[in-house]
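Visitor:
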Amino acid sequence: MTETLDVRGLQCPLPVLKARKRMGSLAPGALLTVLATDPAARIDFPHYCDTSGHELVEQREEGDTLVFVLRCVKG
1 MTETLDVRGL
11 QCPLPVLKAR
21 KRMGSLAPGA
31 LLTVLATDPA
41 ARIDFPHYCD
51 TSGHELVEQR
61 EEGDTLVFVL
71 RCVKG
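When we follow full-length UniProt numbering, the leftmost residue of the sequence shown carries the number 1, and every step to the right adds one.
1. Which residue from P13, S52 and L35 puts its Cα closest to that of Q59?
2. Quick one: what does DSSP say L14 is sitting in, helix, strand or coil?
3. Quick check: the Cα distance between E3 and T33, rounded to an integer number of angstroms?
4. Is it buried or exposed for L14, if we count other Cβ within 10 angstroms and need 16 for buried?
5. Going by beta-carbon coordinates alone, are C12 and D44 separated by less than 9 angstroms?
6. Quick check: L70 and E55, are their CB atoms within less than 9 angstroms of each other?
Take a look at the structure:
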């Protein structure tokens, strides 16, 4: 299962807070694709995954949008 969370236009800490809430509702193994524009997200999402136990599968840029793909490791 893959879900998308669009947090473009939101500033730190809101993108990670919204992602954390969504990750809490996902089953282990599910993917969450996060679309963000806040430059701090480049630091925030890897740190969130390191501290939460979730996996950062992919991080890339598409124009002005930062794309993060997170795998839910624990429910």
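Every residue gets a Cβ at the ideal spot worked out from N, C-alpha and C, and that includes glycine.
Guide: Inspection of the coordinates gives the following:
1. Ranking P13, S52 and L35 by Cα distance to Q59 puts L35 first.
2. L14: helix per DSSP, three-state reduction.
3. E3 and T33: Cα-Cα distance of roughly 6 angstroms.
4. L14 counts as exposed, since fewer than 16 other C-beta atoms from the protein chains shown sit within 10 angstroms of its C-beta.
5. Their beta carbons are under 9 angstroms apart, which means C12 touches D44 by this criterion.
6. In this structure, E55 lies closer than 9 angstroms to L70 by Cβ.
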